[in-house]
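Participant: Keeping their order, the protein sequence lines are chains R and X.
Its first residue numbered 1, the first sequence is counted upward by one per residue in full-length UniProt numbering.
Its first residue numbered 1, the second sequence is counted upward by one per residue in full-length UniProt numbering.
Number of protein chains: 2
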Amino acid sequence: MGAVTATSDDRRWMAAALALAERTRGRTAPNPNVGCVLVAAGRVVGRGWTQPGGRPHAEAMALAAAGPAARGGCAYVTLEPCAHVSPRGPACADLLIAAGVARVVIALRDPDPRTDGSGIARLRAAGITVVTDVAGDAARRSMAGFLTRRERSRPSVTLKLATSLDGQIALPDGSSRWITGAAARAHVHLERSRHDAILVGRGTWEADAPRLDVRLPGLSDRSPMRVVLSTRPPPSASAALPSSLIGRGNDPQGARDPLWIDSPAGIATLPADHVFVEGGAATAAAFLRADLVDRLLLYRAPILIGAGKAAIGDFGLGDLAAAHGRWRLLDARDLGTDRLEVYERTPCSPA
Amino acid sequence: MGAVTATSDDRRWMAAALALAERTRGRTAPNPNVGCVLVAAGRVVGRGWTQPGGRPHAEAMALAAAGPAARGGCAYVTLEPCAHVSPRGPACADLLIAAGVARVVIALRDPDPRTDGSGIARLRAAGITVVTDVAGDAARRSMAGFLTRRERSRPSVTLKLATSLDGQIALPDGSSRWITGAAARAHVHLERSRHDAILVGRGTWEADAPRLDVRLPGLSDRSPMRVVLSTRPPPSASAALPSSLIGRGNDPQGARDPLWIDSPAGIATLPADHVFVEGGAATAAAFLRADLVDRLLLYRAPILIGAGKAAIGDFGLGDLAAAHGRWRLLDARDLGTDRLEVYERTPCSPA
Chain R
1 MGAVTATSDD RRWMAAALAL AERTRGRTAP NPNVGCVLVA AGRVVGRGWT
51 QPGGRPHAEA MALAAAGPAA RGGCAYVTLE PCAHVSPRGP ACADLLIAAG
101 VARVVIALRD PDPRTDGSGI ARLRAAGITV VTDVAGDAAR RSMAGFLTRR
151 ERSRPSVTLK LATSLDGQIA LPDGSSRWIT GAAARAHVHL ERSRHDAILV
201 GRGTWEADAP RLDVRLPGLS DRSPMRVVLS TRPPPSASAA LPSSLIGRGN
251 DPQGARDPLW IDSPAGIATL PADHVFVEGG AATAAAFLRA DLVDRLLLYR
301 APILIGAGKA AIGDFGLGDL AAAHGRWRLL DARDLGTDRL EVYERTPCSP
351 A
Chain X
1 MGAVTATSDD RRWMAAALAL AERTRGRTAP NPNVGCVLVA AGRVVGRGWT
51 QPGGRPHAEA MALAAAGPAA RGGCAYVTLE PCAHVSPRGP ACADLLIAAG
101 VARVVIALRD PDPRTDGSGI ARLRAAGITV VTDVAGDAAR RSMAGFLTRR
151 ERSRPSVTLK LATSLDGQIA LPDGSSRWIT GAAARAHVHL ERSRHDAILV
201 GRGTWEADAP RLDVRLPGLS DRSPMRVVLS TRPPPSASAA LPSSLIGRGN
251 DPQGARDPLW IDSPAGIATL PADHVFVEGG AATAAAFLRA DLVDRLLLYR
301 APILIGAGKA AIGDFGLGDL AAAHGRWRLL DARDLGTDRL EVYERTPCSP
351 A
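1) I'd like to confirm the pairing. Which residues does DSSP put opposite S156 of chain R in its beta bridges?
2) So which residues on chain R does F315 of chain X lean against when the C-beta distance must stay under 8 Å?
3) Please classify T24 of chain R as buried or exposed, where buried requires at least 16 neighbouring CB atoms within 10 angstroms.
4) Which residues mark the beginning and the end of the alpha helix (DSSP H) in which M14 of chain X is found?
5) Quick one: residues in its chain with C-beta nearer than 7 Å to the C-beta of W205 of chain R, no 5 flanking neighbours on either side, listed in chain order?
6) What are the complete alpha helix (DSSP H) segments, minimum 4 residues, inside the region 28 to 92 of chain X?
7) Mind checking A93 of chain X: buried by the 16 CB within 10 Å criterion, or exposed?
8) Can you confirm whether L329 of chain X, when its beta carbon is compared against all beta carbons of chain R, has any partner nearer than 8 Å?
9) Excluding five sequence neighbours on each side, which residues of the same chain lie with their C-beta closer than 6 Å to the C-beta of I312 of chain R?
10) Let me see if you follow: with CB-CB separation under 8 Å, is A286 of chain X close to chain R or not?
11) Helix or strand or just coil, what does DSSP make of L259 of chain X?
12) Give a yes or no on whether 8 Å exceeds the smallest Cβ distance from S175 of chain X to chain R.
13) Give the C-beta separation of V157 of chain X and L292 of chain X to the nearest angstrom, bearing in mind that I take them to be a contact with Cβ-Cβ under 8 Å.
14) What number of angstroms, rounded off, separates the C-alpha of R177 of chain X from the C-alpha of T129 of chain R?
15) Taking only the alpha-carbon atoms, compute the straight-line gap between G167 of chain R and R326 of chain X and give it to the nearest angstrom.
16) Runs of 4 residues minimum, wholly inside the region 91 to 135 of chain R: which ones carry the alpha helix (DSSP H) assignment?
17) Start and end of the alpha helix (DSSP H) containing L190 of chain X?
18) Less than 8 Å between C-beta atoms, sequence neighbours within five positions excluded: which residues of the same chain meet that for S244 of chain R?
19) What residues from chain R crowd round D166 of chain X, counting only those whose CB sits closer than 8 Å?
20) Quick one: give me the first and last residue of the alpha helix (DSSP H) that G203 of chain X is part of.
21) Does G336 of chain X come within less than 8 Å of chain R when only Cβ atoms are used?
22) Among the residues of its own chain, which have a CB less than 6 Å from the CB of L79 of chain X, if the five just before and after it don't count?
23) By how many angstroms is the C-alpha of A307 of chain X removed from the C-alpha of G174 of chain X?
24) Could you check how far apart the C-beta atoms of R192 of chain X and P224 of chain X are, in whole angstroms? I think they sit under 8 Å.
25) For H274 of chain R and R194 of chain R, which I take to be in contact (beta-carbon distance under 8 Å), what is that distance rounded to the nearest angstrom?
26) What span of residues does the alpha helix (DSSP H) with L288 of chain R cover, start to end?
27) In this structure, how does DSSP classify T5 of chain X when only helix, strand and coil are distinguished?
28) Please list, in chain order, all residues of the same chain as L159 of chain R whose beta carbon is under 8 Å from its beta carbon, the five residues on each side excluded.
29) Thinking A138 of chain R and L18 of chain R are a contact (beta carbons under 8 Å), I'd like their distance in whole angstroms, please.
30) What are the start and end residues of the beta strand (DSSP E) that includes A332 of chain R?
31) What residues of chain X sit near L229 of chain R, judged by a beta carbon separation below 8 Å?
32) Going along chain X in order, which residues have a C-beta closer than 8 Å to the C-beta of Y343 of chain R?
33) Please classify R222 of chain X: does DSSP put it in a helix, a strand, or coil?
34) What's the C-alpha gap between T50 of chain X and P56 of chain X?
35) Could you check what DSSP says for R140 of chain X in three-state terms: helix, strand or coil?
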């Protein structure tokens with residue numbers, strides 16, 4: 001339990017903490033979605049994850065669940081425990097010290113300047129063994145929104161495409177129901193629930209009046225804010241908005257008024273750290289042209305369409321060499337007879 | 001060795017026979033490409049495969065290699081041994097009987113009316129144990145050309161596409177070098193070597209002057225005949241041709257004069273049982289419209305192109321429901337950072 005380097009048990013418990021962190025991905029902005037597992041004598045005595053809106057923090061929740069059982073135990077946290085007291089709660093580093101935890105394993109150092117190593121230092125000063133950088137890559141992906149906001153002053157963007165084998169998203173008449181099957185469409189709804197905002201272009205908005213909600217049992221309360229990309233103003237303007245938000249339009253569903261932005265860069269002003277871009281082809285192209293796509297979800301059905309509507313419009317690709325090396329396959333799975341591939345931006349891709 | 005039903009050893013030896021059968025796939029028309037393994041006392045005593053042009057047959061080759069060692073052994077053959085004597089050689093059923101083989105395991109019954117069960121009957125009448133339908137599906141795929149010729153009076157057709165993730169095969173200016181990487185392109189050449197004929201549309205022929213040969217070490221003698229699909233006559237006509245072949249055009253490479261056909265149905269007249277359709281989009285669409293594609297090879301590079309040239313033109317798809325259920329994923333593999341997916345026509349798909 002006191003090892004100063006990571007063990008295989010450590011990686012296993014961290015994987016459990018990362019799974020907890022996923023529970024509120026897309027609902028903690030501007031806070032990171034953190035997961036925490038407290039282990040004492042080989043068993044879990046407390047579990048926590050950042051609550052919707054950002055508080056309580058994961059460590060506070062896990063410690064509250066553990067009570068005195070945390071003493072002498074080990075805390076697995078996906079992000080460095082915070083070192084700053086806030087009006088909304090005490091510093092998690094202090095809570096861990098007060099609970100008598102003997103060891104803390106951390107996936108990722110917190111880039112927030114109020115912490116940024118001082119949480120780790122405070123734990124060590126209290127005699128706690130601290131191990132860092134355990135499953136750091138997975139933690140970066142889990143908290144992509146928080147980290148992209150810190151590093152690039154904008155949300156993390158996922159572009160979703162649902163295509164035929166030959167890359168078409170609709171027939172020439174626009175019909176697209178359905179290309180992918182029920183399992184793939186349910187997975188799209190699960191991905192929606194992990195994002196703060198769902199974005200479509202005005203064309204899709206007006207043609208389909210999409211609900212853009214989460215229609216999964218038990219997750220219907222998680223429907224993200226809706227955002228429309230349009231270079232023209234919305235049909236009617238109402239509420240006061242951040243500078244680059246044009247306005248809120250009428251909501252054809254009578255709920256969740258959409259936010260309107262006039263360029264992909266407008267996502268920086270959204271109160272969202274994870275944005276899910278769903279289409280159509282011009283919107284996908286606009287985000288690619290602005291180099292604002294971090295992650296690509298490609299749902300593919302085993303069908304051919306031929307002449308139809310292509311998934312992505314012109315995003316200004318000059319030559320084939322420039323297309324290579326930008327995307328790396330991260331995950332793939334079967335969803336019924338469809339297949340999901342998840343790609344992420346490569347490190348060598350320009351930011 | 002005398003089992004009258006298949007054992008796991010049988011399936012293993014049949015897999016070896018199927019691998020041998022692949023050696024001359026695309027070079028035995030109008031004969032099937034058959035593989036044969038002779039096993040005695042647990043070891044291989046002879047191996048054979050249909051030789052280019054169709055003779056000797058696989059069994060004759062394997063028996064010649066085994067000599068007296070075949071006596072009492074077991075023959076694994078991917079197709080029912082022939083029962084008819086031809087000017088080019090004796091019936092393989094008779095050869096197996098004469099060699100004193102005790103058991104014959106067969107993947108597939110021969111639909112040729114000159115055999116069609118009579119090979120099996122003759123073996124059994126001679127006291128040989130015969131087991132049938134071992135790895136029959138794999139054998140059907142291996143001899144797809146021969147069987148399609150028998151069942152549909154035309155060659156088996158493979159359509160190859162090499163696309164970006166978004167289904168594009170070129171930039172708007174037509175440039176397509178390179179979308180896929182070296183490993184995928186080498187695999188295309190390997191597939192070419194397994195086909196009697198490579199077909200492109202006139203647009204591709206005139207734009208790229210493609211060599212359409214097999215540029216792999218040790219396989220350069222296997223370059224298939226070249227076929228051009230064109231509704232207009234070729235630039236110059238020369239040799240006498242089957243009825244629906246328009247003519248032979250000038251060969252920009254100075255060798256292997258291409259055959260020209262004026263419609264996809266023209267493949268029926270080619271002296272080929274396996275046709276490899278390589279493009280472009282109009283040609284792919286023509287074959288899909290005629291419902292003449294049996295197998296789809298999809299090479300995909302992890303790049304996005306956006307506005308470019310789509311892989312497949314209009315093939316007359318009326319609605320999305322009609323697109324479903326026609327293709328089944330058979331195999332997938334990584335080729336460098338690219339991915340190959342192999343689809344086959346489903347049984348429920350109209351013939």
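Beta carbons: idealized from backbone N, C-alpha and C, even for Gly.
Because the structure is a prediction, the values reported are computed rather than measured.
Facilitator: For this structure:
1) The residue you call residue 156 of chain R lines up with position 156 of the first sequence. Looking at the DSSP assignment, S156 of chain R forms a beta bridge with R:H274.
2) As a working mapping, residue 315 of chain X is identified with position 315 in the second sequence. Going along chain R in sequence order, the residues near F315 of chain X (Cβ under 8 Å) are L304, G306 and A307.
3) Here residue 24 of chain R refers to the residue found at position 24 of the first sequence. Buried, because 16 or more other Cβ atoms sit within 10 Å of the Cβ of T24 of chain R.
4) For the purposes of this step, residue 14 of chain X is identified with residue 14 of the second sequence, where counting begins at 1. First-last of the alpha helix (DSSP H) with M14 of chain X: S8 to A21.
5) Position 205 of the first sequence holds residue 205 of chain R. Excluding positions up to five away in sequence, the list reads V228.
6) 58 to 66
7) Sequence index remark: in the second sequence, residue 93 of chain X carries index 93 (1-based). Flag for A93 of chain X reads buried.
8) Here residue 329 of chain X corresponds to residue number 329 of the second sequence, with the count starting at 1. At least one chain R Cβ lies under 8 Å of L329 of chain X.
9) Sequence index remark: in the first sequence, residue 312 of chain R carries index 312 (1-based). Result list for I312 of chain R: A281, A284 and A285, in chain order.
10) Against the second sequence, residue 286 of chain X aligns to sequence position 286. Not one chain R Cβ lies under 8 Å of A286 of chain X.
11) Within the second sequence, numbered from 1, the residue matching residue 259 of chain X stands at position 259. Correct three-state label for L259 of chain X: strand.
12) Translated into the one-based positions of the second sequence, residue 175 of chain X becomes position 175. Chain R places a beta carbon closer than 8 Å to that of S175 of chain X, counting this residue as a contact.
13) Position 157 of the second sequence, counting from 1, holds the residue named residue 157 of chain X. Position 292 of the second sequence, counting from 1, holds the residue named residue 292 of chain X. Going by Cβ atoms, the distance from V157 of chain X to L292 of chain X rounds to 5 Å, so yes, they are a contact pair.
14) In the second sequence, the residue the question calls residue 177 of chain X occupies position 177. In the first sequence, the residue the question calls residue 129 of chain R occupies position 129. Cα to Cα, R177 of chain X sits roughly 55 Å from T129 of chain R.
15) For the purposes of this step, residue 167 of chain R is taken as residue 167 along the first sequence, with counting starting at 1. For the purposes of this step, residue 326 of chain X is taken as residue 326 along the second sequence, with counting starting at 1. Each residue's Cα considered, the two are about 17 Å apart.
16) 92 to 98 and 118 to 125
17) Translated into positions along the second sequence, residue 190 of chain X becomes position 190. Taken as a continuous stretch (DSSP letters only), the alpha helix (DSSP H) holding L190 of chain X covers A182 to S193.
18) By 1-based counting over the first sequence, the position of residue 244 of chain R is 244. Summary for S244 of chain R: the model assigns pLDDT 42, below 50, so the residue's position carries little reliability; its value from the coordinates is reported in the next sentence. Excluding positions up to five away in sequence, the list reads I261, D262, S263, A265, G266, A268 and T269.
19) Position 166 of the second sequence, counting from 1, holds the residue named residue 166 of chain X. What D166 of chain X touches in chain R: L161, T163, G167, A310, A311 and I312.
20) Walking along the second sequence from the start, residue 203 of chain X turns up at place 203. Residues R202 to D208.
21) Here the question's residue 336 of chain X lines up with position 336 in the second sequence. So no, G336 of chain X is outside the interface.
22) Sequence index remark: in the second sequence, residue 79 of chain X carries index 79 (1-based). Once the five neighbours on either side are set aside, the close Cβ partners of L79 of chain X are P32, V34, L108 and D110.
23) Reading the second sequence from its first residue, position 174 is the one you call residue 174 of chain X. Reading the second sequence from its first residue, position 307 is the one you call residue 307 of chain X. So the two alpha carbons sit approximately 11 Å from each other.
24) Locating residue 192 of chain X in the second sequence gives position 192, where the first residue counts as 1. Locating residue 224 of chain X in the second sequence gives position 224, where the first residue counts as 1. Indeed they touch by this definition, with Cβ atoms about 6 Å apart.
25) One-based indexing of the first sequence puts residue 274 of chain R at position 274. One-based indexing of the first sequence puts residue 194 of chain R at position 194. Going by Cβ atoms, the distance from H274 of chain R to R194 of chain R rounds to 7 Å, so yes, they are a contact pair.
26) Position 288 of the first sequence holds residue 288 of chain R. Looking at the DSSP string, the run of the alpha helix (DSSP H) that includes L288 of chain R is A281 to R289.
27) On the second sequence, position 5 is the one that residue 5 of chain X refers to. Three-state DSSP puts T5 of chain X in coil, outside helix and strand.
28) Here residue 159 of chain R corresponds to residue number 159 of the first sequence, with the count starting at 1. V277, A284, F287, L288, V293, R295, L296 and L297.
29) Position 138 of the first sequence holds residue 138 of chain R. Position 18 of the first sequence holds residue 18 of chain R. The pair is a contact, with the Cβ atoms about 5 Å apart (cut-off 8 Å).
30) Position 332 of the first sequence, counted from the first residue, corresponds to residue 332 of chain R. Taken as a continuous stretch (DSSP letters only), the beta strand (DSSP E) holding A332 of chain R covers W327 to L335.
31) On the first sequence, residue 229 of chain R is found 229 positions in, with the first residue counted as 1. What L229 of chain R touches in chain X: nothing, since even the nearest Cβ is about 17 Å away.
32) One-based indexing of the first sequence puts residue 343 of chain R at position 343. Under the 8 Å cutoff, chain X gives L165 and P302.
33) The sequence position of residue 222 of chain X within the second sequence is 222, counting from 1. R222 of chain X sits in a helix when the DSSP states are folded into three classes.
34) For this step, residue 50 of chain X is matched to residue 50 along the second sequence. For this step, residue 56 of chain X is matched to residue 56 along the second sequence. Roughly 6 Å between the two C-alpha positions.
35) The residue given as residue 140 of chain X occupies position 140 in the second sequence. DSSP places R140 of chain X in helix when its eight states are reduced to three.
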